[in-house]
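Heads up: the sequence shown begins at 37 in our numbering, then just goes up one per residue. Below is one structure; the comments refer to it alone.
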Amino acid sequence: MAERFLKWSMRRRWARALIIAREQIKKAIDTVSELEKAILAASQGLPEEALRSINRLFQIEEEIDDLRREVFIQLAKGELRSRDREDLMHLVKRLDVMADHVKDSARYIKILLDAPPIPEKIWGECVEISKGLVKCASSLRGSIEKLESDSAEAKVLSLHVDSVEHEVDELYLGVKTLLIKYSRDLDPAALVTLNDLFESMEEVADSCADTADYIRIIIATEEAS
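Given below as structure tokens:
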């Protein structure tokens, strides 16, 4: 009986810690959505609207930093099992990496707002990649939300993250080909910045998939215990 109570108590603490992690992923998804809006506005020749989305993104990033610190404060209290603390720490760190790549992508968009005209085809592919990132992050959020209550569904959603990440990879390869095709028409500095932008966006998808992988590790560990 005491052992069951201890396990229940630990799960309650794990659930409280997950609340903060879920808020962090919600904020992280908000940044991906703002990135999509910024890219769409930039592609339509609306720099002021793009800047508003970028500035909102940067503000949300600060809130994510606050949440990360709060998670680490909770972990420092030592209320969770060492394994749970480690799991949550790795989860939060992976979300933080994703947020950093989103921020880098936004910075490149901000630079491109002052660049010479960029072919519509390239902007169009950029928009498609940003949509893929939103899908990827949304599935990741769903997986984290189900992690405590429905591990089977959490696993399904984490696998969907991998599927979307593969789609983004295909788009990434396609747009790299476009950069070569239009290289003579692009300003050299803009070409370099575009290349950096697409690499950064691809890193967002990779970090989503990396986080999804770790979610499956958490599930497998819990099932084995």
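Glycine residues also receive a C-beta, built at the ideal position from the N, C-alpha and C atoms.
Where residue i falls, given that 16 or more other Cβ within 10 Å makes a residue buried
i, result
"residue 119", "exposed"
"residue 186", "exposed"
"residue 213", "exposed"
"residue 42", "Note that residue 42 scores a pLDDT of 41, beneath 50, so its modelled location is shaky; the value from the coordinates is reported in the next line. It counts as exposed."
"residue 75", "buried"
"residue 182", "buried"
"residue 209", "exposed"
"residue 254", "buried"
"residue 78", "buried"
"residue 55", "exposed"
"residue 109", "exposed"
"residue 247", "buried"
"residue 150", "exposed"
"residue 221", "exposed"
"residue 104", "buried"
"residue 37", "Confidence is the limiting factor: at residue 37 the pLDDT is only 45, short of 50, which leaves the residue's position unreliable and the question unanswerable from this model."
"residue 160", "exposed"
"residue 179", "buried"
"residue 219", "exposed"
"residue 122", "exposed"
Distance between residue j and residue i (C-alpha atoms, nearest Å)
i, j, result
"residue 198", "residue 131", "15 Å"
"residue 193", "residue 227", "36 Å"
"residue 67", "residue 260", "35 Å"
"residue 184", "residue 81", "44 Å"
"residue 146", "residue 225", "14 Å"
"residue 165", "residue 72", "9 Å"
"residue 242", "residue 59", "21 Å"
"residue 223", "residue 152", "7 Å"
"residue 142", "residue 162", "12 Å"
"residue 90", "residue 256", "38 Å"
"residue 111", "residue 137", "25 Å"
Where residue i sits in the DSSP three-state scheme
i, result
"residue 184", "coil"
"residue 224", "helix"
"residue 261", "coil"
"residue 96", "helix"
"residue 210", "helix"
"residue 83", "helix"
"residue 150", "coil"
"residue 141", "helix"
"residue 218", "coil"
"residue 37", "Annotation note: pLDDT 45 at residue 37 (below 50); position unreliable, coordinate value reported separately. In this structure, residue 37 counts as coil in the three-state DSSP scheme."
Minimum C-alpha distance to residue i - residue among the options
i, options, result
"residue 96", "201, 61 and 79", "61"
"residue 102", "78, 172 and 64", "64"
"residue 215", "225, 203, 230 and 202", "230"
"residue 239", "217, 251, 205 and 252", "205"
"residue 57", "99, 85 and 84", "99"
"residue 70", "167, 244, 252 and 124", "167"
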